[in-house]
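Residue 102 in numbering that gives the first Met the number 0 is what sits at position 103 of the sequence shown, and the numbering runs on without skipping anything.
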Amino acid sequence: MVEAAAAVDWVSRFADEVIAEAQRRSPGKPVVCASGLSPSGPIHLGNLREVMTPHLVADEIRRRGHEVVHLVSWDDYDRFRKVPAGVDPSWAEHIGKPLTAVPAPPGSRFPNWAEHFKAAMIDSLAELGVDYRGISQTEMYTSGAYREQILLAMRERGRIDAILDRYRTKGRPKGPAAGQKANAKLDAADAAAAAEAAEGSGAADEDDGAAGSGYYPYKPYCAQCGKDTTTVTAYDDATTALTYECACGFTETVQLSEFDRGKLVWKVDWPMRWAFEGVHFEPSGVDHSSPGSSFVVGGQIVGEIFGGEQPIGPMYAFVGITGMAKMSSSRGGVPTPADALAIMEAPLLRWMYARRRPNQSFKVAFDAEIQRLYDEWDALEAKIAAGTAPAGDASAYDRATRTATVTLPRTPLPVAYRTLASIADITTGHDEQTLRILSDLDPQRPVTDLAEVRPRLDRAQTWVLTQLPPEARTQVRTEPDKELLASLDDSQRESLRLLSAGLDANWSLDGLTTLVYGVPKKMAGLPPDTKPTPELKVAQRSFFVLIYQLLIGKDTGPRLPTLLLAVGAERIRALLGG
Ligand SMILES: [Zn+2]
Numbered sequence: 000m001v002e003a004a005a006a007v008d009w010v011s012r013f014a015d016e017v018i019a020e021a022q023r024r025s026p027g028k029p030v031v032c033a034s035g036l037s038p039s040g041p042i043h044l045g046n047l048r049e050v051m052t053p054h055l056v057a058d059e060i061r062r063r064g065h066e067v068v069h070l071v072s073w074d075d076y077d078r079f080r081k082v083p084a085g086v087d088p089s090w091a092e093h094i095g096k097p098l099t100a101v102p103a104p105p106g107s108r109f110p111n112w113a114e115h116f117k118a119a120m121i122d123s124l125a126e127l128g129v130d131y132r133g134i135s136q137t138e139m140y141t142s143g144a145y146r147e148q149i150l151l152a153m154r155e156r157g158r159i160d161a162i163l164d165r166y167r168t169k170g171r172p173k174g175p176a177a178g179q180k181a182n183a184k185l186d187a188a189d190a191a192a193a194a195e196a197a198e199g200s201g202a203a204d205e206d207d208g209a210a211g212s213g214y215y216p217y218k219p220y221c222a223q224c225g226k227d228t229t230t231v232t233a234y235d236d237a238t239t240a241l242t243y244e245c246a247c248g249f250t251e252t253v254q255l256s257e258f259d260r261g262k263l264v265w266k267v268d269w270p271m272r273w274a275f276e277g278v279h280f281e282p283s284g285v286d287h288s289s290p291g292s293s294f295v296v297g298g299q300i301v302g303e304i305f306g307g308e309q310p311i312g313p314m315y316a317f318v319g320i321t322g323m324a325k326m327s328s329s330r331g332g333v334p335t336p337a338d339a340l341a342i343m344e345a346p347l348l349r350w351m352y353a354r355r356r357p358n359q360s361f362k363v364a365f366d367a368e369i370q371r372l373y374d375e376w377d378a379l380e381a382k383i384a385a386g387t388a389p390a391g392d393a394s395a396y397d398r399a400t401r402t403a404t405v406t407l408p409r410t411p412l413p414v415a416y417r418t419l420a421s422i423a424d425i426t427t428g429h430d431e432q433t434l435r436i437l438s439d440l441d442p443q444r445p446v447t448d449l450a451e452v453r454p455r456l457d458r459a460q461t462w463v464l465t466q467l468p469p470e471a472r473t474q475v476r477t478e479p480d481k482e483l484l485a486s487l488d489d490s491q492r493e494s495l496r497l498l499s500a501g502l503d504a505n506w507s508l509d510g511l512t513t514l515v516y517g518v519p520k521k522m523a524g525l526p527p528d529t530k531p532t533p534e535l536k537v538a539q540r541s542f543f544v545l546i547y548q549l550l551i552g553k554d555t556g557p558r559l560p561t562l563l564l565a566v567g568a569e570r571i572r573a574l575l576g577g
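Structure representation (structure tokens):
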């Protein structure tokens, strides 16, 4: 019974609330959940929460048999604000144009800037199993879909101005102040990333339409230069004649009742769309939720002007990252969902969003922490299989691995990510060697085809290739370290002899684990089942360092049994001095 999952986690609780609210507001109609994304540049991993939060809630609602739609609004009619790092500075000439009117970055196969950056997100959402209906704001505005709402907002501009005025604070600059305040809670690195992420969320554009010539909640894109460097100078309610002047010197008078080349300012645009689409649930980032912010002001405008209601809108906390290697970021340090999906499977990424309440921040690991995360995931999967997982954990797992309509691909034989990473590190991704090592891993269940460990293997290989720093890579010695071998005492020589002699009989991950821990016990005259004592641990550690030094010239490396399997018995014996 799907209903059994009810109220065990935050997703269920929101689903309860949203269903009840939707039935009250619009009985018999589908539930509407919404997200907004601005394709002003690469859409960052931080912005994925904007989609995952309503996705998970909408999916729960769908699982319960209700009709529900998840709208993803592409804010592609927003102005192009700045040229991101790495793009030809000459793109600055397009600042002020709608994102769909800016040429795509050089070499792109897409017709414009917005389509180029949407495409990567569309691919990632498909891989994540997110079921949504995309709405291009360029299409909506330029087709005249919002004409009545625009005329209404212009007619009611005095009331809108009065509402905005309740939140305007004298002496404090409008705009990024709210976002900066929220960011103060973050550490410096996170704050920089949060600012980057906020760039794409509409929050950076806090122009509320106030100008010297009076208040107008609408901004035309100039007929001559295509930019929004325009000021409305006159508007006639009776005829809808609108006159604007542009910074480029152009001026014209248009009939707003027939004019489709402009948009409502952000603080009016957002509540207009809540009413237009009948949105019941839409979360917002910290930068939207402070007093005077667009979410709060929008809550007033949607009811007083557009006759709608504000959606249930939890504030979601920032999603950070750990250890993203600069070289693999699509834009100097801030990763996209595609970057994350290159190193981890889709269910893992879904799991991180499902298991944390929206107001809890968390970090997506690009460093070695990803190995621990995968261990945690594998342990959870084992508990699920054994039927011993707590209800909340089981629910998060279920949301991570499937939706109401699709089950996400799973690696058939989920060998530990850290093992796969070590193998990828040692073999540098060589398929034949990888299969040889994997086939020796567990004699009870040998891997016979790399397809059994994919896609996890591919993710681990990409992680090693893109995230493991060169100094952390493992390079197996090509020649024995003669100097070190010559310096060994009898006891060290004997321990190496015991190891070499035991390789063939113990050639599996488990067998070699027992062997490498067992040699120091034997050297100390202890039986194989001896519990580790502090002295024994010291002896084991120095034995391991000796082997690492002889095999790879470092004190540490991949887990020793994995390393031994990877290097191969013959080569081990050669490097350990025969
Ligand atoms: Zn112009």
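Ideal placement from N, C-alpha and C gives every residue a C-beta, glycine not left out. Here the structure is a predicted model, which means the values were calculated and not measured.
Compute the Euclidean distance between the alpha carbons of Leu36 and Arg398, then round it to the nearest angstrom.
Reading the sequence shown from its first residue, position 37 is the one you call residue 36. Reading the sequence shown from its first residue, position 399 is the one you call residue 398. Going by the C-alpha atoms only, they are around 23 Å apart.
Does DSSP classify Thr232 as helix, strand or coil?
For the purposes of this step, residue 232 is taken as the residue at position 233 of the sequence shown. Residue state, collapsed to three classes: strand.
If you draw a straight line from the alpha carbon of Leu255 to that of His43, how long is it in whole angstroms?
The residue given as residue 255 occupies position 256 in the sequence shown. The residue given as residue 43 occupies position 44 in the sequence shown. Rounded to the nearest angstrom, the two C-alpha atoms are 36 Å apart.
With respect to the beta strand (DSSP E) encompassing Ser142, which residues constitute its N-terminal and C-terminal limits?
Locating residue 142 in the sequence shown gives position 143, counting from the first residue. Taken as a continuous stretch (DSSP letters only), Ser142 belongs to no beta strand (DSSP E), as it is neither H nor E.
Expressed to the nearest angstrom, what Euclidean distance is found between the alpha-carbon atoms of Tyr547 and Arg558?
Residue 547 sits at position 548 when you count from the first residue of the sequence shown. Residue 558 sits at position 559 when you count from the first residue of the sequence shown. Near 10 Å, if we compare the C-alpha coordinates of Arg558 and Tyr547.
For the pair the segment 490–509 and the segment 423–440, tell me if three or more CB-CB distances fall below 8 Å.
yes
Between the segment 109–116 and the segment 24–39, are three or more C-beta pairs nearer than 8 Å?
yes
How should Ala203 be labelled, buried or exposed, when 16 other C-beta atoms within 10 angstroms of its C-beta is the threshold for buried?
The residue labelled residue 203 in the question sits at position 204 within the sequence shown. Residue placement at Ala203 cannot be trusted, given a pLDDT of 41 that sits under 50; the coordinates are not used to answer.
Okay, do the segment 368–384 and the segment 65–77 touch, 3+ Cβ pairs below 8 Å being the bar?
With a cut-off of 8 Å, the segment 65–77 and the segment 368–384 do not count as touching, because too few Cβ pairs lie within range.
Between which residues of its own chain and Ile60 is the CB-CB distance below 7 Å, once the five residues before and five after are set aside?
Here the question's residue 60 lines up with position 61 in the sequence shown. So the list reads Ala14, Val17, Ile18, Val30, Val67, once near-sequence residues are dropped.
With 16 other CB atoms within 10 Å as the buried threshold, where does His69 fall?
Indexing the sequence shown from 1 puts residue 69 at position 70. Looking at its Cβ environment, which holds 16 or more other Cβ atoms inside 10 Å, His69 is buried.
Please name the residue or residues paired with Leu36 in a DSSP beta bridge.
As a working mapping, residue 36 is identified with position 37 in the sequence shown. Answer is Trp73, bridged to Leu36.
Thinking Thr427 and Leu449 are a contact (beta carbons under 8 Å), I'd like their distance in whole angstroms, please.
Within the sequence shown, the letter at position 428 stands for residue 427. Within the sequence shown, the letter at position 450 stands for residue 449. The Cβ separation is near 15 Å, so there is no contact.
Might you give, ordered along the chain, the residues of its own chain that have their beta carbon closer than 6 Å to the beta carbon of Thr409, omitting 5 neighbours on each side?
Here residue 409 corresponds to residue number 410 of the sequence shown, with the count starting at 1. Before going further, note that residue 409 is Arg rather than Thr in the sequence given. If you ignore the 5 residues before and after Arg409, its C-beta comes within less than 6 Å of no other C-beta in its own chain.
For Gly133, which beta-bridge partners are listed by DSSP?
Counting from 1 along the sequence shown, the entry for residue 133 is found at position 134. Note: Gly133 sits in a beta bridge opposite Val71.
Does ligand 1 have a heavy atom nearer than 7 Å to the CB of Cys245?
Here residue 245 is taken as the residue at index 246 of the sequence shown, counted from 1. Yes; taking the cut-off as 7 Å, the Cβ of Cys245 has a heavy atom of ligand 1 nearer than that.
By alpha-carbon positions, which one of Ile369, Pro346, Phe249 ends up nearest to Ala459?
As a first step, residue 459 must be located in the sequence shown, where it is residue number 460. Answer by Cα proximity: Ile369.
Quick one: is the Cβ of Gln474 within less than 7 Å of any heavy atom of ligand 1?
Here residue 474 is taken as the residue at index 475 of the sequence shown, counted from 1. Flag unset: Cβ of Gln474 not near ligand 1.
Grab me the residues of Asn358's own chain with a C-beta within less than 6 Å of its C-beta, minus the 5 sequence neighbours each way, in chain order.
Mapped onto the sequence shown, residue 358 falls at position 359. Cβ within range, chain order: Ala316.
How big is the Cα-Cα spacing for Gly85 and Gly576?
Along the sequence shown, one-based indexing puts residue 85 at 86. Along the sequence shown, one-based indexing puts residue 576 at 577. The alpha-carbon separation between Gly85 and Gly576 amounts to approximately 51 Å.
How is Val566 classed by DSSP in three states: helix, strand or coil?
For the purposes of this step, residue 566 is taken as residue 567 along the sequence shown, with counting starting at 1. Looking at Val566 - three-state DSSP - the assignment turns out to be helix.
Cβ-heavy atom distance between Thr228 and ligand 1 below 7 Å?
Your numbering for residue 228 matches position 229 in the sequence shown. Yes; taking the cut-off as 7 Å, the Cβ of Thr228 has a heavy atom of ligand 1 nearer than that.
Write down the C-beta distance between Val71 and Gly128 rounded to the nearest angstrom, noting that I regard them as a contact closer than 8 Å.
Numbered from its first residue, the sequence shown carries residue 71 at position 72. Numbered from its first residue, the sequence shown carries residue 128 at position 129. Between Gly128 and Val71 the Cβ distance is about 14 Å, and since that is not below 8 Å, they are no contact.
I'd like to know whether the C-beta atoms of Leu163 and Lys266 end up nearer to each other than 8 Å.
Stepping through the sequence shown from its first residue, residue 163 is reached at position 164. Stepping through the sequence shown from its first residue, residue 266 is reached at position 267. Result yes, Cβ atoms of Leu163 and Lys266 sit closer than 8 Å.
On the DSSP letters alone, give me the boundaries of the beta strand (DSSP E) that Tyr243 sits inside.
As a working note, residue 243 is residue 244 in the sequence shown. Note, Tyr243: beta strand (DSSP E), 240–245.
Using 8 Å as the threshold, is the segment 273–280 in touch with the segment 243–253, meaning 3 or more CB pairs across them?
no
Tell me whether Phe79 counts as near ligand 1, meaning its Cβ is closer than 7 Å to at least one heavy atom of that ligand.
Counting from one through the sequence shown, the residue named residue 79 turns up at place 80. Outside the cutoff, so no.
Give every residue of the same chain whose Cβ lies closer than 8 Å to the Cβ of Ile121, excluding the five residues on either side of it in the sequence, and list them in chain order.
Residue mapping note: residue 121 aligns to position 122 of the sequence shown, counting from 1. If we look at Ile121 and ignore the five residues flanking it on each side, its Cβ neighbours are Gly133.
Does the Cβ of Cys32 lie closer than 7 Å to at least one heavy atom of ligand 1?
If you number the sequence shown from 1, residue 32 lands on position 33. Cys32 Cβ: outside cutoff for every heavy atom of ligand 1.
Would you say Phe249 touches ligand 1, meaning its beta carbon is less than 7 Å from a heavy atom?
Within the sequence shown, numbered from 1, the residue matching residue 249 stands at position 250. At least one heavy atom of ligand 1 is nearer than 7 Å to the Cβ of Phe249, so yes.
How long is the line joining the alpha carbons of Glu431 and Asp528, rounded to whole angstroms?
Within the sequence shown, numbered from 1, the residue matching residue 431 stands at position 432. Within the sequence shown, numbered from 1, the residue matching residue 528 stands at position 529. If you take the alpha carbons of Glu431 and Asp528, they lie about 36 Å apart.
Along the chain, where does the beta strand (DSSP E) containing Phe361 start, and where does it finish?
Translated into positions along the sequence shown, residue 361 becomes position 362. Here the beta strand (DSSP E) through Phe361 covers 361–364.
Over the uninterrupted beta strand (DSSP E) stretch that includes Lys262, give me the two end residues.
To locate residue 262, count along the sequence shown from 1; it is residue 263. Looking at the DSSP string, the run of the beta strand (DSSP E) that includes Lys262 is 261–263.
With DSSP run on the structure shown, which of helix, strand or coil describes Ala254?
The residue given as residue 254 occupies position 255 in the sequence shown. The sequence as given places Gln at residue 254; Ala does not occur at that position. Strand, per DSSP.
May I ask you to verify whether the segment 46–65 touches the segment 401–421, counting CB pairs closer than 8 Å and requiring at least 3?
yes
Taking Trp9 as the reference, which of Leu484, Ala345, Pro313, Phe542 has the closest Cα?
On the sequence shown, position 10 is the one that residue 9 refers to. Minimum Cα distance to Trp9 is reached at Pro313.
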